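Chemist:
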Amino acid sequence: MDDRPIGVFDSGFGGLTVARALIDLLPNERLIYVGDTGRYPYGNKPQDDVRAYSHEITKWLIDEHNVKLVVVACNTASAAALTELQATYDTPIVGVIDAGVASLLKVSESNHVGVIGTVGTIGSGAYQSAVAEADDNVRLTCAACPGFVEFVERGELNSDQVRVLAQRLLSPIVDAKVDSLLLGCTHYPFLARTISDAVGRDVVLVSSADETAFQVRAMLLEDGTIREGEPVAPVFLSSGDVEEFARIGRMLLGPELDNVGPWSPE
Ligand code: DGL
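Residues in the sequence shown are numbered consecutively from 349, following the working numbering.
(1) Does the region 367 to 381 come into contact with the region 564 to 583, if we say contact requires no fewer than three beta-carbon pairs (one atom in each stretch) closer than 8 Å?
(2) Quick check: I354 and L379, are their CB atoms within less than 7 Å of each other?
(3) Could you work out which residue in G532, S555, C493, S528 is closest to G548 when comparing CA atoms only?
(4) Assuming N376 contacts E570 (C-beta within less than 8 Å), just tell me the rounded distance between them.
(5) Thinking just about the alpha-carbon of each residue, which of D550, E504, A480 is nearest to the one in D446?
(6) Which of helix, strand or coil does DSSP assign to V455?
(7) What does the alpha-carbon distance come out to for the pair L505 and F499?
(8) Give me, in chain order, the residues of the same chain whose beta-carbon lies closer than 8 Å to that of E501; leave out the 5 immediate sequence neighbours on both sides.
(9) In the structure shown, what three-state DSSP assignment does A421 receive?
(10) Using CA atoms only, rank isn't needed, just tell me which of D558, R541, E457 is closest to K525.
(11) Output the boundary residues of the alpha helix (DSSP H) element that contains T522.
(12) From this set, G503, A492, D483, which residue's C-alpha is nearest G473's C-alpha?
(13) Would you report the Cα separation of H460 and D558, rounded to the nearest angstrom?
(14) Where P537 and I543 are concerned, what is the direct C-alpha to C-alpha distance, given to the nearest angstrom?
(15) Excluding the 5 residues flanking L600 on each side, which residues of the same chain have their C-beta closer than 7 Å to its C-beta?
(16) Using a Cβ-Cβ distance cut-off of 7 Å, determine whether T542 contacts chain D.
(17) Assign T466 to one of three DSSP states: helix, strand, or coil.
(18) Ordered along the chain, which non-local residues of its own chain (more than five positions away) have a Cβ less than 7 Å from that of L517?
(19) Tell me the start and end of each unbroken alpha helix (DSSP H) in the region 378 to 451 that is at least 4 residues and wholly inside, in chain order.
(20) When the Cα of A428 is compared with those of L453, Y437, G471, which residue comes out closest?
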């Protein structure tokens, strides 16, 4: 039994897809979520900047909240910083890339899969390496989708503009005839309908959120650090406009997004 909270962070709202899965699977855990909306998007920033932000937030979660585990609920930050974070801190730190690849390979029947993500994630080669390491018989087609994150951050999930952008950016995925597509950015599940319309209903969309939550549960069980006792309301913090975060965040996550406060980089 370990009463300490689990820290979760993302550049903004994307990590709410992972927070949702954690709340559903581990309802007794205390969650503290940092959305770095003041500095989003991470996906088009230099890797060094994303690494510095990731260190700053992780260190803050550990120093100020004594978290028992950190979930890097952002692919761009996982690609840029996970290995370094794990080497720096004693606290267990979980990313979303391995979980995403595990889910993707579980559902694919043709072994011909796609991954979409930010420019930073796709350009880092993290998915290309992770898929090759998991199974070198898999044919992988990747596409970066600049602009998707901004639509989600505005709460615009289904407009004509995002649909036109999706059709353009996802045409390499359609041409490649993949049977399953990993949403390799935690913001993208919020655009699932638009993405599915663009790639076709036959393509199975996969998100890393549930598998990440299962991995977190497995780690807590193994370490004997599952929290028991009454559920506690999760805490959400934003480095941007707190009221805006509460308004759009509630629409995306649901009523649990109630307790929102400011967060600022040191
Ligand atoms: N949710 C982040 C990810 O998974 C979005 C990055 C961004 O802010 O561009 O990559």
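Every residue, glycine too, gets a C-beta built ideally from N, C-alpha and C.
All of these numbers come straight from a predicted model, not from anything done at the bench.
Modeler: So, from the listed chains and residues:
(1) yes
(2) yes
(3) S528
(4) Rounded, the Cβ-Cβ distance is 17 Å, inconsistent with contact.
(5) A480
(6) helix
(7) In this structure, the straight-line span from the alpha carbon of L505 to that of F499 is close to 6 Å.
(8) G360, F361, T385, Y388, P389, H535, I596
(9) Correct three-state label for A421: coil.
(10) E457
(11) Reading off the sequence shown, one finds Val at residue 522, where the question assumed Thr. Per DSSP, V522 belongs to the alpha helix (DSSP H) from 519 to 524.
(12) A492
(13) Their Cα atoms are separated by approximately 22 Å.
(14) 9 Å
(15) In the same chain as L600, and ignoring 5 residues on each side of it, the C-beta atoms closer than 7 Å to its own belong to F361, L364, F538, in chain order.
(16) Absent here is chain D; the protein component of the structure consists of one chain.
(17) coil
(18) A491, C493
(19) 395 to 413, 423 to 436
(20) Minimum Cα distance to A428 is reached at G471.
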